[in-house]
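Novice: Our numbering applies: residue 23 is where the sequence shown begins, and numbers increase by one. Idealized CB from N, CA, C, for every residue including glycine.
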Amino acid sequence: MVTQEICDNWHLWIDGEGEAVPAAVPGSVYGDLLRAGRLEDPFYRDNEMQALALMEHDFVYRTTFDAQDDILNSNKVCLRCEGLDTLAELYLNGKFAGRGENMHRTYEFSVKELLKAKGNVLEIRFASPTKYIEACYEQSETNGSAECMRGFPQIRKAHCMFGWDWGPRLPDAGIWKPISLLGIQKARFESVYIRQTREDGNVHLKFEIKTDQCGENDTCEKREAMKYRVSIESPMGEVTVLEDSPKECLISEPMLWWPHGYGEQNLYKIRMELLCNDCLEDVWEKRIGLRTMTIHQEKDIYGESFAHEVNGVQIFAMGADYIPEDNILGRVNRERTRKLLEDCIAANFNCIRVWGGGYYPSDDFYDICDELGLLVWQDCMFACCLYDLTEDFDENIRAELRDNIRRIRHHASLGLWCGNNEIEMLVERGEYRFTPRQKADAIKIFEYIIPQVMKEEDPDTFYWPSSPSSGGGYDEPNGPDRGDTHYWDVWHGNKPFTEYRKFFFRYLSEFGFQSFPLEKTIEEFTLPKDRNIFSYIMEKHQRNGAANGKIMNYMYQTYLYPTSFSVLLYASQLLQADAIKYGVEHFRRNRGRCMGAIYWQLNDCWPVASWASIDYFGRWKALHYYAKRFFAPILLSCAEEGVLTQGANVNEQPFPLKKSIHFNVSNETREDRELRIVWSLRKNDGSVKREEEETVTVPALASVWTEEILLPDMEIRKEYISYALYDGQELLSSSSLILSVPKQFEYLDPELSCRVEGDELVVSACVYAKSVEILNDREDMILSDNYFDMDGGEKRVKIIFGQPEGIKLRSVYDIR
Ligand code: BMA
């Protein structure tokens, strides 16, 4: 098979008229217009409105090209479009060549008859997506997420492009993935599926191959002449070649693939060559990991367990939910995705959930997850709405699923397929208006059609009907005792952080808390006059209607009133980080019953106030540093009892307050450990009143409590607890806590200062300092640690990225 990319000489016309702009392919309308200076940055202030209005138009992409000889001489020629966004009609040399109606699909159109040697003209006309969904909605009402433009379920285009509670309404369009000509001489691989089973410590591979043969018997004289050859390169570089269309092979002493934190990420390179009369016709090359991967479910006294099981080991999933990285599709690239995923590993993630309201990520995304050991919870791209299951829709989504399953299924990191985001739960709750037919259609789609396609295309990967779900059929989809759960009473329900402790979810695939991004990020989309969180522009960049009120509600319960914009941003990030920490630590303490804590959300697709731990420009919020600590492989945490847990009110004095600390060590490694806990009761100046040490033995993959310690005499507004976990001299985990609330605690001025020593920063504090933030003037430094607590004295952190210029320091003392 030969390939010719069609990536040059493209131009874009609005409505097919006027002056064209040069176009990048792959790319998008917004990207091209921005580059040509015909569109203002849609992320700046409220430019979104203008950019949205633009999508009322139709667009034309056109290029001219000469065809390669080997393409012209092929028996079969296809125009392969890996991603058309979305309503597209294709014309080659003035003749209709095909139609696209689903951005998630790969289309191939047979064009041999239309192609000539020189001066081919390829034109792709895109119809307005916003006009289309409006017209569809007029015809048949489908409802869903209120932040999204109505009619959005009616087009197979990333739902969140039409708006979300963290995303703008910017339904970009264009040729968003490569487009090429394929010349097929005699045959090519249609699909290659490699199945694995473990047998006595060996791995048994089975090859299921489908080929696409041109003209069957006429061009490829005899079927028997067709063969494939397999070569397997081990992680050590040893190559085994298997001739004559092997159906299977045995790998002895396999080097297994593990998620991050449990072992190596060994990958085997597989190369399949398709030969016809010994002539090479096609090559399929991918990397696979040798591992077993499923979800372990077992009835128990609480209900039924739900845990990723890799190579027979049940792991506690730690990570966040991933949304599209940019609303302007052409801006996402391998480097940017790698950086984001490396930031996940830096924060000790072992898992990432690809949320169903976006699009299926690129091959790069999964390649990087394979390399880094990030287990992928993969939603199919359906979220928060009802669909009309027409015959066309059925056919369209089956084709979409087949394309994406075949593209993704061989990845070592693929942990499971999930039917959709929140549809089962929202329907069961009656959240949207829907017809009984639409309710039944949801069952058909997620519990019949998709499982059927999965059975055909990827029977070895676990399938789960929805997130959250207890297994389908509208049977308590968001119940806490079976399956996965989305818990939003903290945040959407305004409940205090302590509420997390009342639940023992089996696998929490969503829970979250909003904050504002870093100030430098806000400066990128605002004028100085906009920098007030209730301003028109700041509210344009806050898509969850009630959210600013919620942040201020939690603020008043926690901190002194922040009197500057900058301090308010910092305090909002601490609220977020402390909320999620409170939850995750509790869930990890209950390892076994709970086996996953995936917080909402990892990233942003534009600069906005949101639940993300990394903002649009890649700046880490406090939460991301906290995640690095609360997802540490070995975590020391403390379940305290104090004002927060008992809801003590200042005006109800004396309040019979229980004051206690209760340590727990969770060990997410595969080794038993003998560790030392050192804790102290200290005054607000950092001086020690009482210090104790205790040795604990923590079995592998387990969490262990020590004895609860009562502190009836602790002065909760002036004293705090500092605690740390050591393996010999090595510090594994540390933190501090108060039994009062920050606004009532008498923080002293820590007089923070900092000096640079090589690639390290040395921070000094003269007294106790809580959540010490270190920023450079560009606010783009990534450090080995940040937003940490100090008992006074010095703390060294490594500079991982950025220049230590114009360092700014603050701590909770500064929230006033
Ligand atoms: C969830 C998600 C998203 C949403 C988030 C925050 O339930 O699935 O749809 O953005 O909550 O509200």
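Alpha carbons only, please: which of LYS308, GLU521, LEU61 is nearest the one belonging to ILE350?
Specialist: For ILE350, the nearest C-alpha among the options comes from LEU61.
Novice: Bridge partners of THR316, per DSSP?
Specialist: DSSP output for THR316 lists GLU331 as bridge partner(s).
Novice: If you follow the beta strand (DSSP E) that ASN142 is part of, which residue opens it and which one closes it?
Specialist: Unbroken beta strand (DSSP E) run through ASN142: 142-148.
Novice: Using the Cβ count rule (16 or more neighbours within 10 Å means buried), how would you classify ASP187?
Specialist: It is buried - the Cβ of ASP187 has at least 16 other Cβ atoms within 10 Å.
Novice: Exposed or buried, which one is SER659 when buried takes at least 16 other CB atoms within 10 Å?
Specialist: SER659 is buried by the Cβ-count criterion.
Novice: Under the three-state reduction of DSSP, which class applies to PRO458: helix, strand or coil?
Specialist: Three-state DSSP puts PRO458 in a helix.
Novice: Where does ARG360 sit, in a helix, a strand or coil, going by DSSP?
Specialist: Reduced to three states, the DSSP call for ARG360 is helix.
Novice: For SER492, does the count of other Cβ atoms within 10 angstroms reach 16, so buried, or fall short, so exposed?
Specialist: That one is buried.
Novice: Given a cut-off of 8 Å, decide if CYS366 and LEU397 are closer than it, judged by their beta-carbon atoms.
Specialist: Not a contact, by the Cβ cut-off of 8 Å.
Novice: Do PHE519 and ALA601 count as a contact pair if the criterion is CB distance below 8 Å?
Specialist: Going by C-beta atoms, ALA601 is nearer than 8 Å to PHE519.
Novice: According to DSSP, which residues form a beta bridge with PRO44?
Specialist: For PRO44, which the question treats as bridged, DSSP gives the partners HIS33.
Novice: So GLN595 is in the beta strand (DSSP E); what residue range does that whole segment cover?
Specialist: From DSSP, GLN595 is part of no beta strand (DSSP E) but of the alpha helix (DSSP H) over 587-611.
Novice: Tell me whether HIS563, by its Cβ, gets closer than 7 Å to a heavy atom of the ligand BMA.
Specialist: No - the ligand BMA has no heavy atom lying nearer than 7 Å to the Cβ of HIS563.
Novice: Helix, strand or coil: which one does DSSP assign to GLY196?
Specialist: The answer is strand: DSSP assigns GLY196 an E or B state.
Novice: Would GLU469 be called buried (16 or more neighbouring beta carbons within 10 Å of its own) or exposed?
Specialist: Classification of GLU469: buried, given that the 10 Å Cβ count is 16 or more.
Novice: Is the beta carbon of HIS563 less than 8 Å from the beta carbon of PHE547?
Specialist: Yes, they are a contact pair.
Novice: Enumerate in chain order the residues of its own chain whose CB-to-CB distance from THR241 is below 6 Å, with the five nearest sequence positions on each side excluded.
Specialist: With a pLDDT of 45 at THR241, under the threshold of 50, the predicted position of this residue should be treated as unreliable, and no value is reported.
Novice: According to DSSP, simplified to helix, strand and coil, what is ILE559?
Specialist: In this structure, ILE559 counts as helix in the three-state DSSP scheme.
Novice: CA-CA distance, PHE65 and GLU422?
Specialist: Answer to the nearest angstrom: the Cα atoms are 30 Å apart.
Novice: Could you give the distance in angstroms between the alpha-carbon of ILE821 and the alpha-carbon of TRP439?
Specialist: Spanning the two alpha carbons is a distance of roughly 38 Å.
Novice: Considering just the uninterrupted stretch of the alpha helix (DSSP H) at LEU264, what are its terminal residues?
Specialist: Where LEU264 is concerned, there is no enclosing alpha helix (DSSP H), although the beta strand (DSSP E) it sits in stretches over 261-264.
Novice: What are the boundary residues of the alpha helix (DSSP H) that includes THR667?
Specialist: From DSSP, the alpha helix (DSSP H) with THR667 extends over 665-668.
Novice: Please list, in chain order, all residues of the same chain as GLU130 whose beta carbon is under 6 Å from its beta carbon, the five residues on each side excluded.
Specialist: Around GLU130: CYS100, ARG102.
Novice: Go ahead and label LEU747 buried or exposed: buried means 16 or more other beta carbons lie within 10 angstroms of its beta carbon, across all protein chains shown.
Specialist: When all chains shown are included, LEU747 counts as buried.
Novice: Starting from the Cα of TYR284, find the closest Cα among LEU657, ILE337, GLU212 and give me that residue.
Specialist: It is ILE337.
Novice: In whole angstroms, what is the alpha-carbon distance linking ASP416 and ASP194?
Specialist: Each residue's Cα considered, the two are about 25 Å apart.
Novice: Return the CA-CA distance between ARG698 and LEU753, expressed in angstroms with no decimal places.
Specialist: About 10 Å.
Novice: Taking buried to mean at least 16 other C-beta atoms within 10 Å of its own C-beta, is LYS477 buried or exposed?
Specialist: Answer is exposed; the Cβ neighbour count stays below 16.
Novice: Could you check whether the segment 736-745 touches the segment 681-694, counting it as contact only if at least three pairs of C-beta atoms, one from each stretch, sit closer than 8 Å?
Specialist: At 8 Å Cβ cutoff, the stretches touch.
Novice: Rounded to whole angstroms, what is the Cα-Cα separation between GLU146 and ILE206?
Specialist: Glu is not the amino acid found at residue 146; the sequence shown has Ile there. One C-alpha to the other measures close to 23 Å.
Novice: Considering only residues of the same chain and omitting the five flanking positions on each side of ARG455, which have a CB-CB separation below 8 Å?
Specialist: Here the set comprises GLU163, ASN165.
Novice: With DSSP run on the structure shown, which of helix, strand or coil describes ASP113?
Specialist: Here the sequence assigns Tyr to residue 113, which means Asp is not the residue at that position. Note: TYR113 maps to strand in three-state DSSP.
Novice: Taking all protein chains shown into account, do 16 or more other C-beta atoms lie within 10 angstroms of the C-beta of ARG451, making it buried, or fewer, making it exposed?
Specialist: By the 10 Å Cβ count, ARG451 comes out exposed.
Novice: Just curious, the beta strand (DSSP E) that GLY437 is in, first and last residue?
Specialist: Note, GLY437: beta strand (DSSP E), 436-440.
Novice: Cα separation between MET560 and ASN554?
Specialist: Those two C-alpha atoms are separated by around 7 Å.
Novice: Rounded C-beta distance between ILE177 and TYR154? I'm assuming under 8 Å.
Specialist: Yes, they are in contact, since the Cβ atoms of ILE177 and TYR154 sit about 6 Å apart, within 8 Å.
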